[in-house]
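Quick notes on the structure that follows.
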Ligand code: ADP
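Numbering (my numbering), first residue to last: 862 to 1258.
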């Protein structure tokens, strides 16, 4: 029995590595940071420990170099990772397909399957796998655990998970709705009954995860029954650079009339759409500044964003039938009071009433923002995907 009691959480993206050393039992973040622009001339690492911030700028060749740099940053800030009591390494993996739902101990075979699932998530699984490879080389004696973004949505009913296309094509190519951000939806939907003092099995919640990527879920008694993302993280809500729901005929139209090929459409959908496509900026704070200056494109982008969100809330009220709580989370959900107010305005007849003063009151922690009269509790619940991943990995040791 070892006395190790921390978990290193790694979220490896295409050009970045987010990492955090977590105490999963004490639910505390010990240290962490972000390596950015890997492979670009202007690489950068920002590391935080004990309230101090450390930054290094310069080219970072690849993910292995990025992880080594993070390791050095720990040492330079006075916390040697060899003495940090690491019991396990937790890895965020975006797509588990139909192969993985639960947190999984990573073996060579598991890693090979994560790589194979890249055909479903070409932007996400390859860098996730690279992060796992370099971390396993760095920490060969520790258990490495993969936690899948799709896992929480394994419970979607077939009626929600099935696309209405030729069933043989769908089966042959794995075309179904998988859902993403599952770690966050699960974490937030578990917090809600605790915060409200309710039985988890008797609490129905709509979770709105609004970050750079955005997704909604409907959770009945702790079980996910609907979510807005599908085969890929492109479906559903309007996001920073992705459009969410579209008429698929648009793609055929642009292919035929504008001559756009698969790569062009990929760039259009993943980088030139959403808030960025409509207004030129993808950051919600910048969007707010443009709106304040009277920028018409930014104002329209905001209205499209909020309109889509309302549509999903309405749809999920119907899917669940009885809703006890609506919870906002992630960067926009936790901070943008105007989005929360505008998305839920005028829904009193459906039992939803936001209290303007509570909604606007400054605060960082979990809080209720609905009026006393509201049948449905509306909450802000900060998400903590790193803690959830750390706790999942901890269960293996
Ligand atoms: P990611 O999906 O990258 O984890 P986050 O959950 O960090 O994203 O959310 C990023 C988004 O949150 C950005 O659009 C950012 O502008 C927005 N955001 C962060 N802080 C605020 C704030 N104070 N007010 C409005 N939006 C904010």
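Even for Gly, the Cβ is constructed at its ideal location relative to N, Cα and C. Being a predicted model, the structure only gives us computed values, none of them experimental.
- Residues 870, 890, 893 and 1247 of the same chain have their beta carbon placed closer than 7 Å to that of residue 881, with the five preceding and five following residues left out of the count.
- Nearest C-alpha to residue 925 among 874, 884, 1188 and 994: 994.
- For the pair residue 1040 and residue 965, the CB atoms are not nearer than the 8 Å cut-off.
- At the C-beta level, residue 1249 and residue 868 stay beyond 8 Å of one another.
- Annotation for residue 872: 879 and 953 place their beta carbon closer than 6 Å to its own, counting only its chain and skipping 5 residues before and after.
- Taking residue 1115 as the centre and dropping the five residues before and after it, the same chain places the C-beta of 1121 and 1126 closer than 7 Å to its C-beta, in chain order.
- Put simply, of 934, 1033, 955 and 1209 the residue whose alpha carbon is nearest the alpha carbon of residue 1011 is 955.
- In this structure, the alpha-carbon of residue 885 lies about 27 Å from that of residue 1186.
- Boundaries around residue 881 are those of the beta strand (DSSP E), 878-884, since no alpha helix (DSSP H) includes it.
- With the rule of 3 Cβ pairs closer than 8 Å, the segment 1215-1233 does not count as touching the segment 1091-1110.
- The C-alpha of residue 865 lies about 48 Å from the C-alpha of residue 1030.
- Going by beta carbons, residue 1101 and residue 1143 fall inside the 8 Å limit.
- Using a 10 angstroms sphere on the CB of residue 1064, the tally of other CB atoms reaches 16 or more, which defines it as buried.
- In the three-state reduction of the DSSP assignment, residue 1175 falls in the helix class.
- Inclusion of residue 1003 and residue 950 in the CB contact set at 8 Å is warranted, their separation being smaller than that value.
- Boundaries for residue 1231: no alpha helix (DSSP H) harbours it, and the DSSP string shows neither H nor E there.
- In chain order, 955 and 956 place their CB closer than 6 Å to the CB of residue 982, counting only its own chain and leaving out the 5 sequence neighbours on each side.
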